[in-house]
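Counting with my numbering, you get residues 560 to 1288 for the letters of the sequence shown.
Just so you know, even glycine gets a beta-carbon here, dropped at the ideal spot from N, CA and C.
Working notes, beginning with the structure itself.
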Amino acid sequence: MMRFAILGLAMFAAVEAAQAGEPKAPITFERDVEPILTRAGCNSGPCHGKASGQNGFMLSLQGFDPTFDHIAIAREAGGRRVLRSAPEQSLLLQKAAAHVPHGGGRKLDPDGPFYETIRRWIADGLPRTPADAPKLVRVSVEPTERALKPEESFDLRVTAHFSDGSSEDVTPLATFGSSEATAVAVDANGRARAGKLAGEATISARYEGLFANCDVFVPLAGEVSESEYAAFPRANFIDDLALAKWKKLGLTPSAVAGDATFLRRAHLDVIGRLPTPDEARAFLDDPAPDRRARLVDRLLQRPEYADHWATKWMDLLRPNPYRVGIKAVFNLDGWIREAFRKNLPYDEFARRIVAARGSTFEQGPGTIFRDHREPIEIAPVVGQLFLGIRLDCAKCHHHPFESWSQDQFYEFAAFFTRVGRKGTGLSPPISGSEEIVFTAKSGSIKHPLTGAVLPPKPLFGEAPVSDDPEADPREALARWMTAPENRYFAKVMANRVWGDLMGVGIVDPVDDIRATNPPSNGPLLEALADDFRGHGYDVKHLIRAITASTVYALSSEPNGRNVADVRNFSRHYRQRLRAETLLDAVGDVTGVPDSFDASPPRSRAAATWTNRIPSLFLDTFGRPDANQDPPCERTSDTAVVQALHLMNSPGVHEKLTSDEGRVAAMAKGDATPKAIVEELFLLAYARRPDAEEAEVAEALFRDPQKPRRAAVEDLLWALLNSPEFVFKD
């Protein structure tokens, strides 16, 4: 039955055929009725699709369980919702057409084709779609890309493709959404309309749980000469692909940042600490054209690299030591840091975690399986961390924003059903005992609705599990996950590292890759993933490739044609320093390091092994809540309390006024005010002061009422409380 749209009104070819005397096409529940209920919003979260239903009538969310829905409509409540002898009197139609009071209002036009389809279905005996009927395999949308002028519009066409090779126009039954409705909105009939301003959006079309996207661009008004784009210095494939996207939107990139900005940016990004004044002078005075590339190479060999990047992964994996034991968490922390010291290939890193076995006192990754003890707990963690697929929603119902079903969730979780444990279990708040993670002889998982035992099965493709009773299903999962044909694995890590270095992911959030959360530059993300995979999943190579691009080196200062750009990297995006990085920077600049409980003396914040170590500073600047389950991405949000803390914190004041600190040493020394000012600027900003800054700063030392030490304290306090210090430019 071919459907098509004319002037936004859904018309049905079958109706016209009937008028010509031809027999009507059979209408069935899954193929024809369920999509109407979804299109009308009847099975949405605010309506009958919520967990408790609405007024005693409950449907599966977005129609993920047609059997449940058919029973609810045809059999529940004594069958009072449908009346075959008089379909028009069925409560299902009476409510939807608002012929009787309905809290959801009118959902169906009594004179429209959707109403007629459901009426015919009731009259025909509420038939189900035959089990051998062609299955929906994919959905496509036309066009897939479109450039619009402000306030221009166009119609989308959605096609369903079935297993027998047939296709059908399902535009009237599809639902639509826009990633940026202010830039490009879309109505219920699939008409996309650009707003008044330049921008971009991805229009998602959904039909029966499958999605297709159309990328829409509204370029900036005015022309940019090709010579201006040609003048952009391209260093590698990243620049080529970013430039291609800028051309589509009419963006022009900012200028390349100066050496001092690049120096500070690279140090904070790669090793999480500021350059020393001597390091800054050596770099700023180096005339070699390859000084930036050599700087990154040196930084990647520094010991601080491992601590800085391991801390990011401990955010995602670190369990609460009061739940799983202090020694177990300390061991996991040490294992992750050692993996980054050795530059363990990322695929091997993932395999050792996913298939971890052994003592939690000896094999760090085993601690993760001590913390997440049920298959339905560990499955969404693995999916989110290593595939960028958030499966939590599919635990209870079909994912509302993706194509993952409840069956797929439990089949994926089945890979973890044979994780066995020997030793003392958990006994919070003190769980200090050792536990051995091993492969059990048996284990299974049942579908919560059907009760069927589900075999291990990946989300897509094949991952055959060995029949050998000694074989661990997780090994098959790890092979499938890290195989070259698994596009998600390399993509999510490339996106995660890009987000760390560039301030925002190509997909944002970085571990939420789905059709309804499209990348800002899909070809760039694919190329990064291919390059990462092609170089043996070498994280250092990935960092080196990104930092070598001109895109990474751009200034954050906007121009007239990129001031509104927040996703396409035509300028650099400033980031507030991570809590540990900022605290270590304060210690480095003041010359007074911190000491932390349960850590060696004079440890750096980046080396702390648990978020349970008390630190008001780290809590203020956003380290993850120790009571929150990982994986969690810390936020880079700013708050008034952070500014007040830097200004008034007793801890910061003690460092500035310490007799053992840098301020006291400078005040006692014989350096000139000019030399002191330059040294402090190099310490805090990795640059020398300009003429105006030098004049203002040196004036502090000419005040006869201000002792030399007070002048140094005041100047350093001012530098610490500036945005240039707190933010990475």
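Using 8 Å as the threshold, is the C-beta distance between residue i and residue j below it?
| i | j | result |
| --- | --- | --- |
| residue 1083 | residue 762 | no |
| residue 1289 | residue 819 | With the chain covering 560 to 1288 only, the question about residue 1289 has no answer from this structure. |
| residue 778 | residue 760 | no |
| residue 1193 | residue 1182 | yes |
| residue 1006 | residue 966 | yes |
| residue 802 | residue 1120 | no |
| residue 607 | residue 616 | yes |
| residue 1132 | residue 1064 | no |
| residue 1043 | residue 1035 | no |
| residue 1088 | residue 1049 | yes |
| residue 586 | residue 643 | no |
| residue 928 | residue 938 | no |
| residue 825 | residue 800 | no |
| residue 1175 | residue 1215 | no |
| residue 771 | residue 717 | yes |
| residue 894 | residue 1129 | no |
With DSSP collapsed to three states, give me the class of residue i.
| i | result |
| --- | --- |
| residue 552 | In the structure as shown, the chain starts at 560 and stops at 1288, and residue 552 therefore has no counterpart that could be examined. |
| residue 766 | strand |
| residue 993 | coil |
| residue 1289 | This structure cannot settle anything about residue 1289, because the visible part of the chain is limited to 560 through 1288. |
| residue 1094 | coil |
| residue 773 | strand |
| residue 982 | strand |
| residue 1151 | coil |
| residue 918 | strand |
| residue 761 | strand |
| residue 1264 | coil |
| residue 716 | strand |
| residue 754 | coil |
| residue 1134 | strand |
| residue 779 | coil |
| residue 616 | strand |
| residue 1038 | helix |
| residue 588 | helix |
How would you label residue i, buried or exposed, when you count the other beta carbons within 10 angstroms and need 16 or more for buried?
| i | result |
| --- | --- |
| residue 808 | buried |
| residue 1206 | exposed |
| residue 1212 | exposed |
| residue 972 | buried |
| residue 1080 | buried |
| residue 822 | buried |
| residue 990 | buried |
| residue 792 | exposed |
| residue 860 | exposed |
| residue 619 | buried |
| residue 1031 | buried |
| residue 1187 | exposed |
| residue 1282 | exposed |
| residue 666 | buried |
| residue 604 | exposed |
| residue 747 | exposed |
| residue 1184 | exposed |
Can you list, in chain order, the residues of its chain with a C-beta nearer than 7 Å to that of residue i? Leave out the 5 residues immediately preceding and following it.
| i | result |
| --- | --- |
| residue 1201 | 1179, 1180 |
| residue 1225 | 1235, 1271 |
| residue 1094 | 1100 |
| residue 918 | 925, 993, 995 |
Rounded to whole angstroms, how far is the Cβ of residue i from the Cβ of residue j, which I believe are closer than 8 Å?
| i | j | result |
| --- | --- | --- |
| residue 678 | residue 704 | Actually they are not in contact, since the Cβ atoms of residue 678 and residue 704 sit about 39 Å apart, beyond 8 Å. |
| residue 1278 | residue 1250 | With a Cβ gap of about 17 Å, residue 1278 and residue 1250 do not count as contacting. |
| residue 924 | residue 891 | 7 Å |
| residue 920 | residue 887 | 7 Å |
| residue 729 | residue 766 | 5 Å |
| residue 1245 | residue 839 | 5 Å |
| residue 1135 | residue 1195 | 5 Å |
| residue 900 | residue 865 | 4 Å |
Output needed for residue i: all residues of its chain with C-beta closer than 8 Å, excluding positions within five of it in sequence on either side, in chain order.
| i | result |
| --- | --- |
| residue 696 | 720, 721, 722 |
| residue 737 | 743, 744, 745, 751, 760, 761, 762, 763 |
| residue 685 | 588, 629, 632, 633, 641, 643 |
| residue 549 | Because the chain in this structure spans residues 560 to 1288, residue 549 falls outside the shown range and cannot be described. |
| residue 1273 | 1259, 1265 |
Near residue i, which residues of its chain fall below 6 Å by C-beta distance, leaving aside the five closest residues on each side in sequence?
| i | result |
| --- | --- |
| residue 1162 | 1155 |
| residue 694 | 722 |
| residue 1286 | 1133, 1135 |
| residue 998 | 977, 1031 |
Please find out if some non-hydrogen atom of the ligand SAM comes closer than 7 Å to the beta-carbon of residue i.
| i | result |
| --- | --- |
| residue 969 | Although the ligand SAM was asked about, the structure shown includes no ligands whatsoever. |
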